[in-house]
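J.:
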Amino acid sequence: MNKIGFNVLAWTAAVSDDLFPIIERLKTIGYDGAEFYLGPQEAAAYQRMGSFVKDLGLETTAVMTLGADENPVSDSIEVRQKALDKIKWAVDRAHDLNSKVICGPFHSAHTVFVNRPAEDREYALAGEVLNAAAEYAAQANITFALEALNRFECYLCNTMEQLLKLVKAADHPNVRAMFDTHHSNIEEKSYLNGLQTIQPVLAHVHISENDRGTPGTGQVKWDDAFAALAAIKYDGWLTIEAFSRNDPGFANAIGVWREFNEPWDIAENGYKFIREMSLKHGL
């Protein structure tokens, strides 16, 4: 079976000791690990979390985003340097968590647009920043799993074809890709085509319903998604990423204006759903 993870953004973007009982319950459900957002908390908070999760016998992965002042595709060399510094900082925090994967759309600033399609020079700029950051990440054996987002959140990478172009531009073995069923539900013609395109560099998968609620309760073509994952023999993480308004600041930042499902409904029923679909399709 693939490892099954749960992103704690369903509760909060902050890494703190308050998450300890949540992690314990995730283990009771059957999860193999938890995913954490790399926010502004001090290193000590990440170190305590990393030790706590490890002592439970679970693993961790991490996710990050970048803002307008730290944009890898900015024309400003100073802004691009800030992006590199931020990614290196994130590598340190992921190392504190004992994570080996940092996923997310940190190839460019989230929800920052320039009123035109992406240009080749922007892939080159992002590739340069990511290559330098990956050299640093390699020292901690951390892999970047870059994420393509839907067209309403990003303009650089919406499809697996564009994401593959970016990974090639970065030209580093520690720069790879992730596949998210929510974004691909919007942007890809089919799950199979998208996954076949990104297969050579695929390192992480987010299981996410079309409305960001409990997987299996919405309109995502889950049989197609799991059959495609099986067809490419994917053997990495299947991590649920779902959102709520439990952390209003984060919810406001990503446009979550209502509750989709209660977080424990997502965690409990989502785990069962992934197990059932994995067995059905031979993952």
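First residue of the sequence shown: 1, per full-length UniProt numbering; consecutive thereafter. Note that the Cβ used here is the ideal one computed from N, Cα and C, for glycine as well.
Looking only at C-alpha atoms, which of GLU187, GLN139 and VAL175 sits nearest to CYS154?
T.: Looking at the Cα atoms, GLU187 is the closest of the given residues.
J.: Would you mind reading off the limits of the beta strand (DSSP E) that contains HIS183?
T.: Here HIS183 belongs to no beta strand (DSSP E); instead the alpha helix (DSSP H) covers 181 to 187.
J.: Would you report the Cα separation of ALA228 and THR143, rounded to the nearest angstrom?
T.: Cα-Cα distance, rounded: 23 Å.
J.: Among MET178, THR111 and PRO200, which has the Cα closest to the Cα of ALA253?
T.: Among MET178, THR111 and PRO200, the Cα nearest to that of ALA253 is on THR111.
J.: My parser needs the beta strand (DSSP E) runs of 3 or more residues fully inside the segment 186 to 224; what are they?
T.: Whole beta strand (DSSP E) segments, 3+ residues: 202 to 207.
J.: Are GLY5 and GLU35 closer than 8 Å when you measure CB to CB?
T.: Result yes, Cβ atoms of GLY5 and GLU35 sit closer than 8 Å.
J.: Determine the DSSP secondary structure at GLY57, reduced to helix, strand or coil.
T.: Coil at GLY57, not helix or strand.
J.: Once DSSP output is grouped into helix, strand and coil, what is the label at GLU119?
T.: In the structure shown, GLU119 sits in coil (DSSP, three-state: anything other than H, G, I, E or B).
J.: Compare the C-alpha of LYS272 against each of GLY255, TRP257, GLN219 and THR214 and name the closest.
T.: The candidate whose alpha carbon is nearest that of LYS272 is THR214.
J.: From the DSSP output, which residues share a beta bridge with THR239?
T.: Per DSSP, GLY5 and HIS206.
J.: So, at 7 Å on beta carbons, what are the nonlocal neighbours of ALA134 in its own chain, with the 5 sequence-adjacent residues on each side left out?
T.: Same-chain partners within the cutoff: PHE144, ALA170, HIS172, ASN174 and VAL175.
J.: Compare the Cα-Cα distances from LEU130 to each of LEU38, LEU84 and SER51 and report the closest residue.
T.: Among LEU38, LEU84 and SER51, the Cα nearest to that of LEU130 belongs to LEU84.
J.: Looking at the secondary structure, which residues open and close the alpha helix (DSSP H) in which PHE152 lies?
T.: Segment: none, PHE152 is in no alpha helix (DSSP H) and carries neither H nor E.
J.: Enumerate, from N- to C-terminal direction, the unbroken beta strand (DSSP E) stretches of 3 or more residues contained entirely within the segment 71 to 126.
T.: As far as the segment 71 to 126 is concerned, its whole beta strand (DSSP E) runs of at least 3 residues are 101 to 104.
J.: Report the option in ILE266, CYS103, LEU19 and VAL101 whose CA atom is closest to the CA atom of GLY216.
T.: Comparing Cα positions, the closest option is ILE266.
J.: Nearest by alpha-carbon distance to ALA132: which of GLY50, ARG245, LYS82 and TYR31 is it?
T.: Cα-wise, what sits closest to ALA132 is LYS82.
J.: Just to confirm the assignment, what range does the beta strand (DSSP E) spanning ALA34 have?
T.: 33 to 37 is the span of the beta strand (DSSP E), which, as asked, contains ALA34.
J.: How far does the beta strand (DSSP E) with THR143 in it extend, from its first residue to its last?
T.: From DSSP, the beta strand (DSSP E) with THR143 extends over 143 to 146.
J.: Taking all protein chains shown into account, do 16 or more other C-beta atoms lie within 10 angstroms of the C-beta of SER51, making it buried, or fewer, making it exposed?
T.: By the 10 Å Cβ count, SER51 comes out exposed.
J.: Below 8 Å between beta carbons: does that hold for GLY33 and LYS3?
T.: Yes, they are a contact pair.
J.: By how many angstroms is the C-alpha of VAL256 removed from the C-alpha of LYS245?
T.: Reading off the sequence shown, one finds Arg at residue 245, where the question assumed Lys. If I take the Cα positions, the gap works out to 7 Å.
J.: For a quick check, are the C-beta atoms of LEU156 and GLU128 less than 8 Å apart?
T.: For LEU156 and GLU128, no; Cβs fall outside 8 Å.
J.: So, using beta-carbon positions, are ARG212 and HIS183 closer together than 8 Å?
T.: No, these two residues do not count as a Cβ contact at 8 Å.
J.: Between ALA43 and the rest of its own chain, which residues show a CB-CB distance below 8 Å, the 5 nearest in sequence each way excluded?
T.: Result list for ALA43: ASP92, ARG93 and ASP96, in chain order.
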